[in-house]
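In this note's numbering, the protein residues as written are 11 to 284. Heads up, the beta-carbon is just placed ideally off N, CA and C, and yes, glycines get one too. Note that the structure is predicted; figures quoted are calculated from it, not measured. Heads up: the structure comes next, in structure tokens.
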DNA sequence: CTATCCACCTGGCGGC
DNA sequence: TGCCGCCAGGTGGATA
């Protein structure tokens, strides 16, 4: 499900509703997400207050008092909901239910269980093993043509795979990688080290613009992604190539093709992209 | 370093 | 209606 815009949307929902609230009860309903959930450790979070919520790549960092953080990844199918506690009714795959004061609950639902919630206690969450390997944030000035070009020059991997490599730039997943390459008029199969400076500049702009537009639309819902209010993302309506194999390109009417790159289905227009 | 395959897990969809 | 294979917004590990 969730690439950067979806995680950012969840972050906004949480910030709006749960900052300053206190964790009164934590219910763990599954033994294992991607990493095991240690019930005893979660007990230690009781009565802690939520201070802030950050996003790093596709991770949420929930800052609690006393240098505690929850580092959260939504995997492929994770959904975070905020519900009034008194009207909450548990549904299948509600793995974590955090009851806050003020009649609010945070519910983590994840059918495929590829997500994870990790407790970090060292006050430096960015040094945690799941975050330390992250490359630059795409929506900062650290992600620019010079930076990208240097990274691209060092590898022959297909460009799509490189822009999805979180150690280079975080946040672009399978949807937005295809969309950004279409916007940049670059074929996803191009060896990274053949991308020109001009193309790299365009690609940087395209990635930023597409992520920003997607955030503005609340993300992309293909199947089960929902924001904290249970609403879908509307960027789905603006997808130019993703999921459109054998349909006509909106720009040139050529049939959109699909191809598996690094085990991920990839969509492109052979005429618009070179 | 690269490409490739597999695993984790569940559910939805199309085909028969 | 039912079963079966295939596919899915992510990531990491094994292998050649």
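Boundaries of the beta strand (DSSP E) around residue 82: 78-83. CA-to-CA, the gap between residue 126 and residue 189 works out to about 27 Å. Taking a cut-off of 8 Å on C-beta distances, the stretch 176-183 touches the stretch 135-153, as three or more cross pairs fall below it. By the CB criterion at 9 Å, residue 203 and residue 164 fall inside the cutoff.
Given a length threshold of 4 residues, each whole run of the alpha helix (DSSP H) inside the stretch 206-259 is given here in chain order: 207-226. Of 187, 234 and 196, the smallest CA-CA separation from residue 272 is found for 187. For residue 105 against residue 43, the beta-carbon gap comes to about 6 Å, under 8 Å, which counts as contact. Within a 10 Å sphere around the beta-carbon of residue 160 sit fewer than 16 other beta-carbons, which makes this residue exposed.
In its chain, beyond the 5 residues on either side, 56, 57, 109, 110 and 111 have a beta carbon closer than 8 Å to the beta carbon of residue 34. As the crow flies, the alpha-carbon of residue 75 is around 7 Å from that of residue 60. Approximately 16 Å separates the beta-carbon atoms of residue 168 and residue 206; this is outside 8 Å, ruling out the contact. Listed as beta-bridge partners of residue 69 by DSSP are 66 and 83. One thing to note: residue 81 has its Cβ within 9 Å of the Cβ of residue 128. Minimum Cα-Cα distance from residue 19 among the listed residues 278, 258, 257 and 226 corresponds to 226. Contact annotation: residue 67 and residue 14 have beta-carbon atoms nearer than 9 Å. In summary, residue 193 is buried, with 16 or more beta-carbon neighbours lying within 10 Å of its beta-carbon over all protein chains present.
Residue 236 and residue 191 have their C-alpha atoms some 26 Å from each other.
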